[in-house]
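Written below as structure tokens is the structure these notes are about.
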Amino acid sequence: MTRLLLLGGTTEASQLARRLADEPISAVFSYAGRTQSPVAQPLPTRIGGFGGRDGLVAYIRAHQITHVIDATHPFAAQISRNAIAACAQTGTPLLAFERAPWQAGAGDRWHHVRALQDAPDALPESSAQVFLAIGKQHLDLFAAHAQHHYLVRLVDPPDAPLPLRHAEVVIARGPFTEADDSALLRAHAITHIVAKNSGGSGARAKLLAARALGIEVIMIDRPTLPAREIRDSVDGVMSWLRDHAPSPANVTPRGV
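Just so we're on the same page, this note's numbering is the position in the sequence shown counted from 1, plus 1138.
As structure tokens, this is what we get:
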């Protein structure tokens, strides 16, 4: 029997979970636990880290996991590296369910940077109104650039004051529409957006709004990961699971 560990936290992971719930597959959905109220899933769910690569290896062995699907955020690089290493060590088939990155189109004003650490220096030296669409981590990277006024959108209220001198927080959970984000950008007179190239449709609204309003986007490129198999649709993932189904010799009879 297929025993699947789904590393989730994205819209795509939730879509896959709904499909898996209707399949004769034993699947567990795993959240990293970085949001206070994660979206409920139709699968048995665990919340929290594994304790690095060794912890994930132990989990795979203890629960006799036969397949791992990495549907984490494209910037959750350490989790993905741990999954690659743990699956290699245990001989467990691994697939990344990954949305394609965004591509700039006509009218976009994108400035690419290779890593989040490079984004602050890509902002102008003079004061700007900056929408930080990067989540709650790493905001301290922008603390030294105190001449800017920052807008930060978070899923949960912050546990502590932000490390930014001039900042306003908006609490909201996506997906957002272009009209939503256009109104937000106008209301705060935003001149620059800092965003991760997450891909997908759920977070693209801010980029469409930025294009229409002529706002510059500092686009952070995705981290580089070791080679792995990738699919970009639920159907593609299900096809991969069928192709990698356990052989009958390795299936434990029901009731045993």
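Cβ atoms here follow ideal geometry from the backbone N, Cα and C, with glycine treated the same way.
Query - At least three beta-carbon pairs within less than 8 Å, the stretch 1304-1323 to the stretch 1152-1170 - result: Result no; under three Cβ-Cβ pairs closer than 8 Å.
Requested in this report: Pick helix, strand or coil for residue 1177, following the three-state DSSP scheme.
Outcome: Within the sequence shown, numbered from 1, the residue matching residue 1177 stands at position 39. DSSP, read as helix, strand or coil, puts residue 1177 in coil.
**Report entry** residue 1139 - DSSP class collapsed to helix/strand/coil
**Finding:** Your numbering for residue 1139 matches position 1 in the sequence shown. The three-state secondary structure of residue 1139, taken from DSSP, is coil.
Query - Same chain, Cβ closer than 7 Å to residue 1224, five either side skipped, listed in chain order - result: Locating residue 1224 in the sequence shown gives position 86, where the first residue counts as 1. The residues are 1191, 1194, 1195 and 1198.
Query raised in the report: Using the beta-carbon count (16 or more within 10 Å), is residue 1348 buried or exposed?
Result: Your numbering for residue 1348 matches position 210 in the sequence shown. Buried: at least 16 other Cβ atoms inside 10 Å.
Query raised in the report: Where does residue 1206 sit, in a helix, a strand or coil, going by DSSP?
Result: Taking the sequence shown and counting its residues from 1, the one referred to as residue 1206 is at position 68. Residue 1206 falls in the strand class under three-state DSSP.
Query raised in the report: How is residue 1280 classed by DSSP in three states: helix, strand or coil?
Result: Along the sequence shown, one-based indexing puts residue 1280 at 142. Here residue 1280 sits in helix by DSSP.
Report task. Enumerate in chain order the residues of its own chain whose CB-to-CB distance from residue 1213 is below 6 Å, with the five nearest sequence positions on each side excluded. Result -> Here residue 1213 corresponds to residue number 75 of the sequence shown, with the count starting at 1. Around residue 1213: 1334.
Report task. Grab me the residues of residue 1180's own chain with a C-beta within less than 7 Å of its C-beta, minus the 5 sequence neighbours each way, in chain order. Result -> Taking the sequence shown and counting its residues from 1, one reaches residue 1180 at position 42. Short of 7 Å from the beta carbon of residue 1180, and not among the five residues preceding or following it, lie these beta carbons of its own chain, in chain order: 1155, 1156 and 1159.
Query raised in the report: Leaving out the 5 sequence neighbours to the left and right, which residues in its chain are closer than 7 Å to residue 1291 when beta-carbon positions are compared?
Result: The residue given as residue 1291 occupies position 153 in the sequence shown. If we look at residue 1291 and ignore the five residues flanking it on each side, its Cβ neighbours are 1271, 1308 and 1310.
Query raised in the report: Just reading off the alpha helix (DSSP H) that residue 1095 is part of, what are its end residues?
Result: With the chain running from 1139 to 1394 in the structure shown, residue 1095 is simply not present.
Requested in this report: Report the rounded CA-to-CA distance for residue 1283 versus residue 1258, giving the unit in angstroms.
Outcome: Residue mapping note: residue 1283 aligns to position 145 of the sequence shown, counting from 1. Residue mapping note: residue 1258 aligns to position 120 of the sequence shown, counting from 1. Computed Cα separation, rounded: 7 Å.
Report task. Check residue 1145 in the structure and name its three-state DSSP category. Result -> Counting from one through the sequence shown, the residue named residue 1145 turns up at place 7. Judged by DSSP in its simplified three-state form, residue 1145 adopts strand.
Query raised in the report: Which partner residues does residue 1197 have in the DSSP bridge list?
Result: Looking up residue 1197 in the sequence shown gives position 59. According to DSSP, residue 1197 bridges with nothing at all.
Query raised in the report: Does the stretch 1259-1269 come close enough to the stretch 1328-1345 to have 3 or more Cβ pairs within less than 8 Å?
Result: By the criterion of at least three beta-carbon pairs nearer than 8 Å, the stretch 1259-1269 is in contact with the stretch 1328-1345.
Query raised in the report: What residue from 1206, 1354 and 1274 has the CA that sits closest to residue 1294's CA?
Result: Stepping through the sequence shown from its first residue, residue 1294 is reached at position 156. Ranking 1206, 1354 and 1274 by Cα distance to residue 1294 puts 1274 first.
Query raised in the report: Using the beta-carbon count (16 or more within 10 Å), is residue 1388 buried or exposed?
Result: Mapped onto the sequence shown, residue 1388 falls at position 250. Reliability of the predicted coordinates at residue 1388 is poor, the pLDDT of 49 falling under 50, and the value obtained from them is presented with this limitation in mind. Around the beta-carbon of residue 1388, fewer than 16 other beta-carbon atoms lie within 10 Å, marking it exposed.
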